[in-house]
Amino acid sequence: KQEVTQIPAALSVPEGENLVLNCSFTDSAIYNLQWFRQDPGKGLTSLLLIQSSQREQTSGRLNASLDKSSGRSTLYIAASQPGDSATYLCACQAGTALIFGKGTTLSVSS
Amino acid sequence: GAGVSQSPSNKVTEKGKDVELRCDPISGHTALYWYRQSLGQGLEFLIYFQGNSAPDKSGLPSDRFSAERTGGSVSTLTIQRTQQEDSAVYLCASSLAATAGNTIYFGEGSWLTVV
Chain Z
29 KQEVTQIPAA LSVPEGENLV LNCSFTDSAI YNLQWFRQDP GKGLTSLLLI QSSQREQTSG
89 RLNASLDKSS GRSTLYIAAS QPGDSATYLC ACQAGTALIF GKGTTLSVSS
Chain X
31 GAGVSQSPSN KVTEKGKDVE LRCDPISGHT ALYWYRQSLG QGLEFLIYFQ GNSAPDKSGL
91 PSDRFSAERT GGSVSTLTIQ RTQQEDSAVY LCASSLAATA GNTIYFGEGS WLTVV
């Protein structure tokens, strides 16, 4: 059974700092890994999708990497801003369902 | 519409009543998912539809929960005889297909409170 773990559970950084969020998964037989952002009281916004054949994806200040063999993914956020404050979730898809981690809650102070 | 639409956005119901939650996926998306997010918990998979059929119902927590999808589009999640532990956000998502490379898009959720 796939288990997804995100570390740290919470992170506070000053504005402008570069940071890395970690995601690990137990079953490497995945075909997609997706990073989401969730603001309080809101639904999930898709940030990046990495297929199993890919090693990384970039969108603006965000870069996500995937290492299937080690069961790890990272989300790198460059030059963090207060507007980046949210909960970041990673999710693996091997069959029909996405299996989610519990998220990392990020707070960026100005 | 442009995104996944869910209704109602908020619902307060009395224990023992039935509730229906509606999801309108992105046009053309054949795959549809229901998830539940309880306070302070992660997202819990409930059910997956491919077209009108539900090949994966493994996440439904009890027989009080059921879902259907008609016309390969709108889906309804029904909770019968609601209990206080059913209080949660119910999130619907859709994608073009449940295969590699297809981004899954979520709605804003239906916030259910059972009193």
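Chains as they are written, first to last, in this note's numbering: chain Z, 29 to 138; chain X, 31 to 145. C-beta: ideal position from N, C-alpha, C; glycine also.
*According to DSSP, residues forming a beta bridge with R52 of chain X*: Here residue 52 of chain X refers to the residue found at position 22 when the second sequence is read from its first residue. R52 of chain X pairs with X:S37, X:T106.
_Test: G99 of chain Z CB closer than 8 Å to a CB of chain X_ = Residue 99 of chain Z sits at position 71 when you count from the first residue of the first sequence. Using beta-carbon distances, G99 of chain Z does not count as an interface residue toward chain X, since no partner is under 8 Å.
*Evaluate K96 of chain Z with the Cβ neighbour count: other Cβ atoms within 10 Å of its Cβ, from every protein chain shown; 16 or more gives buried, anything less gives exposed.*
By 1-based counting over the first sequence, the position of residue 96 of chain Z is 68. Classification for K96 of chain Z: buried.
_Against chain Z, with Cβ distances strictly below 8 Å, would L90 of chain X count as a contact?_
Numbered from its first residue, the second sequence carries residue 90 of chain X at position 60. False, the Cβ-Cβ gap to chain Z never drops below 8 Å.
_Under 7 Å, CB to CB, which of the residues in the region 46-79 of chain Z have a partner in chain X?_
Y59, N60, Q62, K70, G71, L72, S74, L77, Q79
*Return no unless some Cβ of chain Z is closer than 8 Å to the Cβ of P85 of chain X.*
Taking the first residue of the second sequence as 1, we reach residue 85 of chain X at position 55. It does: the Cβ of P85 of chain X has a partner Cβ on chain Z nearer than 8 Å.
*List the residues of chain Z whose Cβ lies closer than 7 Å to the Cβ of G137 of chain X, in chain order.*
Translated into positions along the second sequence, residue 137 of chain X becomes position 107. Chain Z residues near G137 of chain X: G71.
*asked:* So Y63 of chain X contacts chain Z; which residues on that side make the cut at Cβ distance below 9 Å?
replied: One-based indexing of the second sequence puts residue 63 of chain X at position 33. Ordered by position in chain Z, the residues that pass the 9 Å Cβ test against Y63 of chain X are T124, A125, L126.
*Quick one: which chain X residues come within Cβ less than 8 Å of K130 of chain Z?*
The sequence position of residue 130 of chain Z within the first sequence is 102, counting from 1. Those are Q71, G72, listed as they occur along chain X.
_Quick check: the Cα distance between L72 of chain Z and G139 of chain X, rounded to an integer number of angstroms?_
For the purposes of this step, residue 72 of chain Z is identified with residue 44 of the first sequence, where counting begins at 1. For the purposes of this step, residue 139 of chain X is identified with residue 109 of the second sequence, where counting begins at 1. Taking the straight line joining both Cα atoms gives about 9 Å.
_Residues of chain Z with CB closer than 9 Å to the CB of A128 of chain X, please, in chain order._
As a working mapping, residue 128 of chain X is identified with position 98 in the second sequence. Per Cβ cutoff of 9 Å: Q121, G123, T124, A125.
_Contact set between F75 of chain X and chain Z, taken where Cβ atoms lie within less than 9 Å_ = Indexing the second sequence from 1 puts residue 75 of chain X at position 45. Those within 9 Å of F75 of chain X in chain Z are T124, A125, L126, I127, F128.
*Would you mind working out which of Z:R83, Z:A106, Z:P110 sits nearest S98 of chain Z, comparing C-alpha positions?*
To locate residue 98 of chain Z, count along the first sequence from 1; it is residue 70. For S98 of chain Z, the nearest C-alpha among the options comes from Z:R83.
*Among the residues of its own chain, which have a CB less than 8 Å from the CB of L47 of chain Z, if the five just before and after it don't count?*
Taking the first residue of the first sequence as position 1, residue 47 of chain Z is located at position 19. Apart from the 5 residues on each side of it in sequence, L47 of chain Z sits with its Cβ closer than 8 Å to the Cβ of L39, V41, Y104, I105, S108, L134 in its chain, given in chain order.
*Using a Cβ cut-off of 8 Å (strictly closer), state whether L121 of chain X contacts chain Z.*
Numbered from its first residue, the second sequence carries residue 121 of chain X at position 91. Yes, its Cβ sits closer than 8 Å to a Cβ of chain Z.
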